[in-house]
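Here's the structure we're looking at; comments come further down.
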Amino acid sequence: MTASEDLIGAVCASLATLADHVSLLTVEDYCAAVPELAGATIGQHVRHCIDHYATLAGGIATSRFDYDDRARSSEIECDRDRALGRVRELLEELRPVLLHVDLAVAVHVRMASACKGDVAWQKSSLGRELQFVVSHTVHHAAMVANSCCVRGLPISAEHGVAPSTSRHRAVMSAED
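In this note's numbering, the protein residues as written are 2 to 177.
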């Protein structure tokens, strides 16, 4: 497997794992405010991740990714089935496109890093942005997974586990 195939697989796996976890939750649990998430809902975290993937999908053609210009759809935050549908759409949209792009292509990225001031465009590569979105999703998934553990809610096995951690665990169990 090439590095590109591995990275594209990670993007698709990240989205699929997100959908797997959402499908385990009841509508009530998906929409309930969670103290461990500073009062946010699981749905808000899921929507936030979906927005980043949508930014990625929408920016590939122009090589510009503005992570602050997101939909922030309250429907996805409150409707588990709509969130699942959007994840499936993103998978269908991204998978074939990513197979035919150069991950080294230069792109421009914008994301606020402070509450005030101008937000400048930064140089990056498509591959680096794929890594960012996977890492970003793992970060939010780990927070959601922890809150689910505390509340006794179901969690899919790989939800919130970084790919490097999965690899390390596989090596360690092979050595046992």
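Note that beta-carbon positions come from the ideal geometry of N, C-alpha and C, so glycine has one too.
Just so it is clear, the structure is predicted and the values come from calculations on it, not from any experiment.
Member of 67, 96, 129 whose CA lies at the smallest distance from the CA of residue 110: Nearest neighbour of residue 110 by Cα position, chosen from 67, 96, 129, turns out to be 67.
Rounded C-alpha distance that separates residue 8 from residue 132: Each residue's Cα considered, the two are about 7 Å apart.
For residue 96, the three-state DSSP class (helix, strand or coil): Secondary structure at residue 96: helix, using DSSP grouped into helix, strand and coil.
Cβ shell of residue 49 (< 7 Å), same chain only, five flanking positions each side left out: Cβ within range, chain order: 141.
Contact belief for residue 43 with residue 26 at Cβ below 8 Å, rounded distance in angstroms: Their Cβ separation, rounded to whole angstroms, is 7 Å, which keeps residue 43 and residue 26 in contact under 8 Å.
Buried or exposed by the 16-neighbour rule on C-beta atoms within 10 Å, applied to residue 69: The C-beta of residue 69 has fewer than 16 other C-beta atoms within 10 Å across all chains shown, which makes the residue exposed.
Proximity below 8 Å, CB of residue 83 to CB of residue 77: Taking C-beta atoms as the reference points, residue 83 and residue 77 count as a pair closer than 8 Å.
Reference residue 58, options 168, 81, 105, 93, closest by Cα: Here the closest residue by C-alpha is 93.
Nearest candidate by alpha-carbon position, reference residue 13, set 91, 127, 150, 106: Comparing Cα-Cα distances from residue 13 to each of 91, 127, 150, 106, the minimum goes to 91.
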